[in-house]
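Per the working numbering, the sequence shown starts with residue 1, numbered consecutively.
Here is the structure we will look at, set down as structure tokens.
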Amino acid sequence: MKILITAGPTREALDPVRYLSNRSSGKMGYALAEAARDAGHDVVLVTGPVSITPPDKVQVVRVESAAEMFEAVRTHLSACDVAIFAAAVADYRPAEVAPQKIKKATDELVLHLVRTPDILGSARGEFGFKGVLVGFAAETTDLIAHAQDKCLRKRCDLIVANDVSQPGIGFDSSDNAVTLCFADGTVEPIAQASKSAIARGIVTVVERLQKHRDSARD
Ligand code: C5P
Numbered sequence: 001m002k003i004l005i006t007a008g009p010t011r012e013a014l015d016p017v018r019y020l021s022n023r024s025s026g027k028m029g030y031a032l033a034e035a036a037r038d039a040g041h042d043v044v045l046v047t048g049p050v051s052i053t054p055p056d057k058v059q060v061v062r063v064e065s066a067a068e069m070f071e072a073v074r075t076h077l078s079a080c081d082v083a084i085f086a087a088a089v090a091d092y093r094p095a096e097v098a099p100q101k102i103k104k105a106t107d108e109l110v111l112h113l114v115r116t117p118d119i120l121g122s123a124r125g126e127f128g129f130k131g132v133l134v135g136f137a138a139e140t141t142d143l144i145a146h147a148q149d150k151c152l153r154k155r156c157d158l159i160v161a162n163d164v165s166q167p168g169i170g171f172d173s174s175d176n177a178v179t180l181c182f183a184d185g186t187v188e189p190i191a192q193a194s195k196s197a198i199a200r201g202i203v204t205v206v207e208r209l210q211k212h213r214d215s216a217r218d
């Protein structure tokens, strides 16, 4: 199969030297890319700026902002059977990018932010993607309810729900513990393990979803 994976944070420029971003390390997305490659799949890894090295033998597309990630996904999605959106895309960007470095001329500075494009939410509609669609949901409250709601709204096959309020897992750590929330309402927990082990589990589940989709078409 050909699998598109988004990973890492995005950076939303304020001026030529500053940006808004988040603490995503890219580890979960990169582990997914490695697990998918090891399972024999072709991988396109659309990645925001991270400090880790991408796995060998995957096609790497580097982007900075949410808008660039949106365009890269638009370009590559139609050739893919599966898309896994593990990137922590910034929800807002500065309304304007100052052409020069902003000077500290005042005691207060108010930033005007506007929404970034919803890449996962554009997959089915605007991009016309018909393959297996997987999103992530990082929540601190009502994890499963939010994930199930997101699964329906974004027309995903699966949402990987991540409780980011628990110490030692999730953002920036090597371990994770997730709950898989499927489109039919079923849930499947994956206990705390390395992001590599979790990634292998997710790839196996995605292969199962793809088989069902194929047999439903026959
Ligand atoms: O709504 P929320 O940001 O929690 O959704 C998270 C999921 O949506 C992740 O799979 C993330 O990669 C994706 N996402 C996206 N584009 C955005 C925001 C989130 O693809 N602008």
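Beta carbons: idealized from backbone N, C-alpha and C, even for Gly.
All figures in this text were calculated on a predicted structure; none of them were measured in a lab.
Mind checking whether residue i and residue j have CB atoms under 8 Å apart?
| i | j | result |
| --- | --- | --- |
| G48 | T106 | no |
| I202 | V160 | yes |
| M69 | A86 | no |
| K150 | A79 | no |
| R37 | V43 | yes |
| L152 | V134 | no |
| V178 | I190 | yes |
| S196 | D175 | no |
| G26 | G40 | no |
May I have the straight-line CA-CA distance separating residue i from residue j, to the nearest angstrom?
| i | j | result |
| --- | --- | --- |
| F127 | I119 | 9 Å |
| Q192 | H76 | 32 Å |
| A33 | D91 | 24 Å |
| D81 | K130 | 8 Å |
| I273 | P99 | Lying outside 1 to 218, the shown extent of the chain, residue 273 is not represented and no answer is given. |
| V46 | A72 | 7 Å |
| V58 | R18 | 30 Å |
| T186 | L180 | 8 Å |
| L113 | V89 | 15 Å |
| S24 | S51 | 10 Å |
| G121 | K104 | 38 Å |
| A67 | R74 | 11 Å |
| C156 | E108 | 42 Å |
| A216 | Q148 | 23 Å |
| V60 | A35 | 15 Å |
| A183 | Q166 | 25 Å |
| G125 | L20 | 28 Å |
Does the distance between the C-beta of residue i and the nearest non-hydrogen atom of the ligand GDP fall short of 7 Å?
| i | result |
| --- | --- |
| V110 | You won't find the ligand GDP in this model; what it holds is the ligand C5P. |
Assuming residue i and residue j form a contact by the criterion Cβ under 8 Å, report the distance between their Cβ atoms to the nearest whole angstrom.
| i | j | result |
| --- | --- | --- |
| V97 | Q210 | 40 Å between Cβ atoms; not a contact. |
| R115 | E12 | So it is not a contact: roughly 11 Å between Cβ atoms. |
| V6 | G29 | Contrary to the premise, residue 6 reads as Thr rather than Val in this sequence. Indeed they touch by this definition, with Cβ atoms about 6 Å apart. |
| K101 | D15 | 5 Å |
| A199 | A31 | 4 Å |
Would you say the beta carbon of residue i is closer than 7 Å to some non-hydrogen atom of the ligand C5P?
| i | result |
| --- | --- |
| L120 | yes |
| K150 | yes |
| V89 | yes |
| T53 | no |
| P117 | yes |
| A33 | no |
| G131 | no |
| T6 | yes |
| A36 | no |
| E137 | With the sequence shown as reference, residue 137 is identified as Ala, and Glu is not the correct amino acid for it. Yes, the ligand C5P has a heavy atom inside 7 Å of this Cβ. |
| F182 | no |
| A199 | no |
| A72 | no |
| A226 | Any property of residue 226 remains undetermined from this structure, which presents the chain solely from 1 to 218. |
Please check if any C-beta of chain D sits within less than 8 Å of the C-beta of residue i.
| i | result |
| --- | --- |
| R23 | Absent from the structure: chain D. Only one protein chain is present. |
task = Would you list, in sequence order, the uninterrupted beta strand (DSSP E) runs of no fewer than 3 residues that lie entirely inside the segment 136-169?
result = 158-163
inquiry  = Ignoring anything shorter than 4 residues, give me the alpha helix (DSSP H) runs that lie fully in the segment 63-130, in order along the chain.
reply    = The DSSP assignment places complete alpha helix (DSSP H) segments of no fewer than 4 residues inside the segment 63-130 at 66-77 and 119-122, in order along the chain.
ask   = Enumerated in chain order, which unbroken segments of the beta strand (DSSP E) with a length of 3 residues or greater are wholly contained in the segment 22-69?
value = 42-47 and 59-62
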